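Written below as structure tokens is the structure these notes are about.
Number of protein chains: 2
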Amino acid sequence: MKKILLSLAALFSLTMHAEIKTKTVDYKHGDVSLQGYLAYDDSVKGARPAVLLIPEWWGLTDNLKNKAREVATMGYTAFAVDMYGNGKITTDAKEAAQLAGQFYGKPLMAERAKAGLDALLASGLADSKKIAVIGFCFGGATAQVLAYSGAPVVGVVSFHGTPIPAPAGTHITAKFLLQQGAIDPFIKPEEVSAFEDAANKAGLDWQFIFYSGTVHSFTNPEADSYHLPGASYNASSHHRSWALMGTFFKEVLK
Amino acid sequence: MKKILLSLAALFSLTMHAEIKTKTVDYKHGDVSLQGYLAYDDSVKGARPAVLLIPEWWGLTDNLKNKAREVATMGYTAFAVDMYGNGKITTDAKEAAQLAGQFYGKPLMAERAKAGLDALLASGLADSKKIAVIGFCFGGATAQVLAYSGAPVVGVVSFHGTPIPAPAGTHITAKFLLQQGAIDPFIKPEEVSAFEDAANKAGLDWQFIFYSGTVHSFTNPEADSYHLPGASYNASSHHRSWALMGTFFKEVLK
Numbered sequence: 007m008k009k010i011l012l013s014l015a016a017l018f019s020l021t022m023h024a025e026i027k028t029k030t031v032d033y034k035h036g037d038v039s040l041q042g043y044l045a046y047d048d049s050v051k052g053a054r055p056a057v058l059l060i061p062e063w064w065g066l067t068d069n070l071k072n073k074a075r076e077v078a079t080m081g082y083t084a085f086a087v088d089m090y091g092n093g094k095i096t097t098d099a100k101e102a103a104q105l106a107g108q109f110y111g112k113p114l115m116a117e118r119a120k121a122g123l124d125a126l127l128a129s130g131l132a133d134s135k136k137i138a139v140i141g142f143c144f145g146g147a148t149a150q151v152l153a154y155s156g157a158p159v160v161g162v163v164s165f166h167g168t169p170i171p172a173p174a175g176t177h178i179t180a181k182f183l184l185q186q187g188a189i190d191p192f193i194k195p196e197e198v199s200a201f202e203d204a205a206n207k208a209g210l211d212w213q214f215i216f217y218s219g220t221v222h223s224f225t226n227p228e229a230d231s232y233h234l235p236g237a238s239y240n241a242s243s244h245h246r247s248w249a250l251m252g253t254f255f256k257e258v259l260k
Numbered sequence: 007m008k009k010i011l012l013s014l015a016a017l018f019s020l021t022m023h024a025e026i027k028t029k030t031v032d033y034k035h036g037d038v039s040l041q042g043y044l045a046y047d048d049s050v051k052g053a054r055p056a057v058l059l060i061p062e063w064w065g066l067t068d069n070l071k072n073k074a075r076e077v078a079t080m081g082y083t084a085f086a087v088d089m090y091g092n093g094k095i096t097t098d099a100k101e102a103a104q105l106a107g108q109f110y111g112k113p114l115m116a117e118r119a120k121a122g123l124d125a126l127l128a129s130g131l132a133d134s135k136k137i138a139v140i141g142f143c144f145g146g147a148t149a150q151v152l153a154y155s156g157a158p159v160v161g162v163v164s165f166h167g168t169p170i171p172a173p174a175g176t177h178i179t180a181k182f183l184l185q186q187g188a189i190d191p192f193i194k195p196e197e198v199s200a201f202e203d204a205a206n207k208a209g210l211d212w213q214f215i216f217y218s219g220t221v222h223s224f225t226n227p228e229a230d231s232y233h234l235p236g237a238s239y240n241a242s243s244h245h246r247s248w249a250l251m252g253t254f255f256k257e258v259l260k
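These protein sequence lines map, in sequence, to chains R and Z. Position one of the first sequence corresponds to residue 7 (the numbering used here), numbered consecutively onward. Position one of the second sequence corresponds to residue 7 (the numbering used here), numbered consecutively onward.
What follows is the structure, encoded as structure tokens:
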């Protein structure tokens, strides 16, 4: 009976979990003004496990804001970062490549993401020992690099992100989950192998899953509107990868 | 309020889900006498989604019976098949290799498993349109072959099973989930590639996940007792793969 009463309490708490609050958060990285997006369940008070979201190279679009709200409905504080400044977004692949190109292979990639992590912590709504970072495409690569930099994250989920090999001498305990379309033309098998080899050398805990019939950007319902060859939404792989992320969160953010 | 009452009903139903019944089932394949193991929740009546379990090359051991009971607690009728006859099991790798060796590459592999599927259907406890097959090592290979043979299964989960390429001309709709240790010495990268190529040609819906630091037999808590180099239990990968199977069942057996 006690078990049933406890479950009842959980049920009522669940029923109250409807109110997701969102707000734009202005923050800085050096001289650069950034505009992140915070989403959280207002019926829960104070710090809780949290998730940092890093966008595709298009910038912090409505698609990522939707995902932040979905993460918030799971009970986590969600913070979607701005990598480019002033909430800059683009629908032009050339411009996106230039914007994202500033970061690859440079310390700036982790540092800019870290500014977002600090903004999340400053919200007072994140348990600093229970933070995961997820990212999509460019953001998936950034999420890995942020973890390698020693930032205090316990889990990394990369969706169709380039697998980034752990730098020599990496000593981190964050767990990695990489999710990829099996026929993603943007990611070469050698990149997968290089990730795995380096991760094994670094003793990382990693999982890598491949979804058949799936190309790049499979999590983005707007992907096809960009008319980028090799990038397309895939509802099945989107839902499977989202569910697997949820299971992963239950493990690393518990 | 209606929602809460419905949830309450679900809760009470959950509380009643404690009674897992098991029994040994004698069945035949031609002249061969087989002894399967049936497990089901006795508080549920009649046909329901069901799962066929196919053992490692050791035969239908207590490990697989435990897994059948776990599947039954998830609400599915579970039937663990006997591939060798008279419930034969062994702890000797040479004998196991001989026993399993009778099946690889021969029609007998699918036919013997199909006899188990028929026994499951004969129990009256399985919804014939909602059956998944899972298998471990030799059983994972057998599960794939059973599906390729056109047996009426909607999902296949292979745990550390050799990936078996779909034969040319395969036309099936069963969805595949393959789960493998990333450093399993029994499975070659070429076997993974050959599976993927054939599966793509056949238009299969497949997922393939790799777990770091994990070798063969990672789901078997008794694996280390066999002293087989390259085979070892891995609790983390076991639990992750089991959870992913559960998510997969929710998709294919709903």
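Built from N, CA and C at the ideal position, the CB exists for glycine as well. It should be emphasised that the depicted structure is a prediction, and the values quoted were computed from it without experimental measurement.
Taking C-beta pairs closer than 7 Å, name the residues in chain Z that residue i reaches, listed in chain order.
{"i": "D190/R", "result": "The premise fails here: D190/R is roughly 13 Å from chain Z at the closest Cβ pair, so nothing lies under 7 Å."}
Interface residues of chain Z around residue i at Cβ under 8 Å?
{"i": "D211/R", "result": "S218, G219 and S242"}
{"i": "T253/R", "result": "R246, A249, L250 and T253"}
Just how far apart, CA to CA, sit residue i and residue j?
{"i": "I194/Z", "j": "E202/R", "result": "Looking at the sequence itself, residue 194/Z is Lys, so the reference to Ile does not match. Those two C-alpha atoms are separated by around 15 Å."}
{"i": "T168/Z", "j": "C143/Z", "result": "7 Å"}
{"i": "R246/Z", "j": "K29/R", "result": "35 Å"}
{"i": "A119/Z", "j": "I215/R", "result": "28 Å"}
{"i": "L14/Z", "j": "V57/Z", "result": "Any reading at L14/Z needs caution, since the residue's pLDDT is 49, under 50, leaving its predicted position unreliable; the model's value is listed next. If I take the Cα positions, the gap works out to 28 Å."}
{"i": "D190/Z", "j": "A237/Z", "result": "8 Å"}
{"i": "K112/Z", "j": "A147/Z", "result": "12 Å"}
{"i": "L66/R", "j": "I60/R", "result": "8 Å"}
{"i": "L70/Z", "j": "D48/Z", "result": "20 Å"}
{"i": "Y110/R", "j": "A180/Z", "result": "40 Å"}
{"i": "Y43/R", "j": "D98/Z", "result": "59 Å"}
{"i": "Q185/Z", "j": "V163/Z", "result": "8 Å"}
{"i": "S199/R", "j": "T176/R", "result": "17 Å"}
{"i": "N72/Z", "j": "A249/R", "result": "26 Å"}
{"i": "M251/Z", "j": "E197/Z", "result": "22 Å"}
{"i": "M7/Z", "j": "V151/Z", "result": "With a pLDDT of only 40 at M7/Z, under 50, the local geometry of the prediction cannot be trusted, and no value is derived from it."}
{"i": "F224/Z", "j": "E76/Z", "result": "17 Å"}
{"i": "D133/R", "j": "P158/R", "result": "11 Å"}
{"i": "I95/R", "j": "W64/Z", "result": "57 Å"}
{"i": "G122/Z", "j": "A86/Z", "result": "8 Å"}
{"i": "R161/Z", "j": "I170/Z", "result": "Note that residue 161/Z is Gly in the sequence shown, not Arg. Going from the Cα of G161/Z to the Cα of I170/Z covers about 15 Å."}
{"i": "P173/R", "j": "K100/R", "result": "29 Å"}
{"i": "L259/Z", "j": "T253/Z", "result": "10 Å"}
{"i": "I178/Z", "j": "H166/Z", "result": "22 Å"}
{"i": "A74/Z", "j": "D68/Z", "result": "10 Å"}
{"i": "F255/R", "j": "E228/R", "result": "25 Å"}
{"i": "A125/Z", "j": "V221/R", "result": "41 Å"}
{"i": "K51/Z", "j": "V31/Z", "result": "19 Å"}
{"i": "P55/R", "j": "A78/R", "result": "10 Å"}
{"i": "G156/Z", "j": "A116/R", "result": "50 Å"}
{"i": "A205/Z", "j": "A149/Z", "result": "15 Å"}
{"i": "L114/Z", "j": "G187/R", "result": "35 Å"}
{"i": "A261/Z", "j": "G209/Z", "result": "Nothing can be reported for residue 261/Z, as the shown portion of chain Z is limited to 7 through 260."}
Anything in chain R within Cβ reach of residue i, meaning under 9 Å, just list it in chain order.
{"i": "E202/Z", "result": "A188, F216 and S218"}
Kindly list, in the order they appear in chain R, the residues whose Cβ is closer than 7 Å to that of residue i.
{"i": "A205/Z", "result": "S218"}
### Message
Threshold first: 3 residues or longer. Then list the beta strand (DSSP E) segments lying entirely within the stretch 41-118 of chain R, N to C.
### Response
54-60 and 83-86
### Message
I'd like to know if the stretch 75-83 of chain Z and the stretch 126-144 of chain Z are in contact, where contact means that at least 3 CB-CB pairs between them fall below 8 Å.
### Response
yes
### Task
At 3 residues or longer, and completely inside the stretch 159-214 of chain Z: list those beta strand (DSSP E) runs for me, N to C.
161-165 and 181-187
### Query
Do the stretch 38-55 of chain R and the stretch 90-97 of chain R touch if we need at least three Cβ pairs shorter than 8 Å?
yes
### Query
Three or more C-beta pairs closer than 8 Å, one from the stretch 115-132 of chain Z and one from the stretch 225-244 of chain Z: is that the case here?
no
### Query
Are the stretch 213-231 of chain Z and the stretch 215-226 of chain R in contact at 8 Å, needing three or more beta carbon pairs?
yes
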